[in-house]
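Peer 1:
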Amino acid sequence: MTNRAGAVPRWVRIFSLLFAVANLVYGIAGYATSAILFPDLDGTGLGPTSPIVLHAVRELTARNLAIGVALLLVSLRGVPESIAIVMIIRALVELQTVILAVTGAGEVPVGVPGIVVPLVFFAFEVVVVRTMVGVIGKLERAG
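The sequence shown maps to residues 205 to 347 in my numbering.
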């Protein structure tokens with residue numbers, strides 16, 4: 205039997221851990237104050253204390269915490285399949301942010317923060333997933 209965890213490159217684990225920490229921090233920050241995620245929306249009354257905004261914040265922060273915890277666990281364990289799956293989930297969320305920013309839908313910042321930053325994260329996530337798929341293929345061929 206091959207050592208699957210040993211086949212994961214160190215840089216993949218480091219990036220995965222950094223992404224995990226980012227998700228955890230963002231999730232905790234969202235629970236600490238909803239104003240970080242949803243400032244007053246142009247005087248519409250949908251400010252940080254609005255029930256609908258608080259619900260959206262809880263959903264968003266719960267998702268970030270869940271991805272952060274999952275990514276932390278799979279990064280520490282180092283199983284290539286698990287890292288690939290959680291990174292795919294994270295990449296899809298990042299892609300959603302880019303699409304919302306490009307289309308102008310939602311409250312996603314437009315310009316560099318709204319498009320470039322998620323695209324850079326998405327690119328790193330795609331590289332990690334491609335690397336893990338290669339590692340998995342190599343391990344499968346080795347039998």
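Quick reminder that beta carbons are idealized off the backbone N, C-alpha and C, glycines included. None of the values given here were measured: they were computed from a predicted structure.
1) Using alpha carbons as the reference points, say which of Ala-209, Val-212 and Leu-228 lies closest to Ala-270.
2) Helix, strand or coil for Leu-341? Go by DSSP, reduced to three states.
3) Taking only runs that begin and end inside the stretch 247-309, name each unbroken alpha helix (DSSP H) of 4 or more residues, in chain order.
4) Which residues in the same chain as Ala-295 place their Cβ atom closer than 7 angstroms to its Cβ, once the five residues preceding and following it in sequence are excluded?
5) Tell me the DSSP secondary structure of Pro-213 in three-state form.
6) Return the CA-CA distance between Leu-304 and Ile-319, expressed in angstroms with no decimal places.
7) On the three-pair Cβ rule with 8 angstroms, is the stretch 282-295 touching the stretch 215-233?
8) So what's Gly-347 in DSSP terms, helix, strand or just coil?
9) Out of curiosity, what's the CA-to-CA distance linking Ile-287 and Ile-256?
10) If you drop the 5 nearest sequence neighbours on each side, which residues of the same chain put their C-beta closer than 6 angstroms to that of Val-278?
11) Judging by CA-CA distance, which residue of Ile-232, Val-273, Leu-264 and Arg-262 is the nearest neighbour of Ser-220?
12) With a threshold of 16 other CB atoms inside 10 Å of the CB of Val-212, please say whether the residue is buried or exposed.
Peer 2: Quick answer:
1) Leu-228
2) It is Gly, not Leu, that sits at residue 341 in the sequence shown. Helix, per DSSP.
3) 255-281 and 284-307
4) Phe-326, Glu-329, Val-330 and Val-333
5) coil
6) 9 angstroms
7) yes
8) coil
9) 34 angstroms
10) Ser-286, Ile-287 and Val-290
11) Val-273
12) buried
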